[in-house]
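To keep things clear, I will list the structure first and then write my remarks on it.
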Amino acid sequence: MMFSKKCYNLLKKVPRGKVVSYKQIAEQVNIKAYRAVGNAMNKNKYKDVPCHRVVESDGSIGGFVRGVDEKIRLLRKEEIEVVDGKIDLKKYGYFFK
DNA sequence: CTAATGACCATTA
DNA sequence: ATAATGGCCATTA
Numbered sequence: 016m017m018f019s020k021k022c023y024n025l026l027k028k029v030p031r032g033k034v035v036s037y038k039q040i041a042e043q044v045n046i047k048a049y050r051a052v053g054n055a056m057n058k059n060k061y062k063d064v065p066c067h068r069v070v071e072s073d074g075s076i077g078g079f080v081r082g083v084d085e086k087i088r089l090l091r092k093e094e095i096e097v098v099d100g101k102i103d104l105k106k107y108g109y110f111f112k
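Mapping of the first sequence onto this note's numbering: position 12 corresponds to residue 27, and the numbering continues sequentially without gaps.
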């Protein structure tokens, strides 16, 4: 199965109001290709994949196809606090089982 | 086939 | 605290 598709499937498990890091997704696929995960998101065309819930491992926002501002807006819309361009992972971080 | 490019990460200075 | 550096690897040219 294609790498990008695996990322999408994992990401679909992340509930509204929670976020994961690019690294976490890479870990689930058992590789160290952190950057490749970002690439996959960038080219994602599926509508049911919540790309905006993927942030950097230190809690900063990362990037987004339609701009970082839009990403923040989407996150706030699901009750996630974004202060000073960062998210508190203790509070909003999701952990895969 | 090779080379370049990232929505990244950890370490070092 | 910021900035540079090297490494990672799927994808694309």
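Every residue gets a Cβ at the ideal spot worked out from N, C-alpha and C, and that includes glycine.
Measure the alpha-carbon distance for residue i versus residue j and round it to whole angstroms.
i	j	result
residue 88	residue 32	13 Å
residue 64	residue 106	22 Å
residue 99	residue 82	16 Å
residue 62	residue 56	12 Å
residue 17	residue 54	13 Å
residue 25	residue 109	12 Å
residue 135	residue 37	Residue 135 lies beyond the stretch modelled for the chain, which goes from 16 to 112, so this question has no answer here.
residue 77	residue 66	11 Å
residue 102	residue 112	22 Å
Between which two residues does the alpha helix (DSSP H) harbouring residue i extend?
i	result
residue 18	18–26
residue 85	83–92
residue 107	104–107
Residue i: buried (16+ other C-beta within 10 angstroms of its C-beta) or exposed?
i	result
residue 80	exposed
residue 75	exposed
residue 58	exposed
residue 95	buried
Hey, which unbroken runs of the alpha helix (DSSP H) at 4 residues or more fall wholly within the segment 24–57?
-> 37–43
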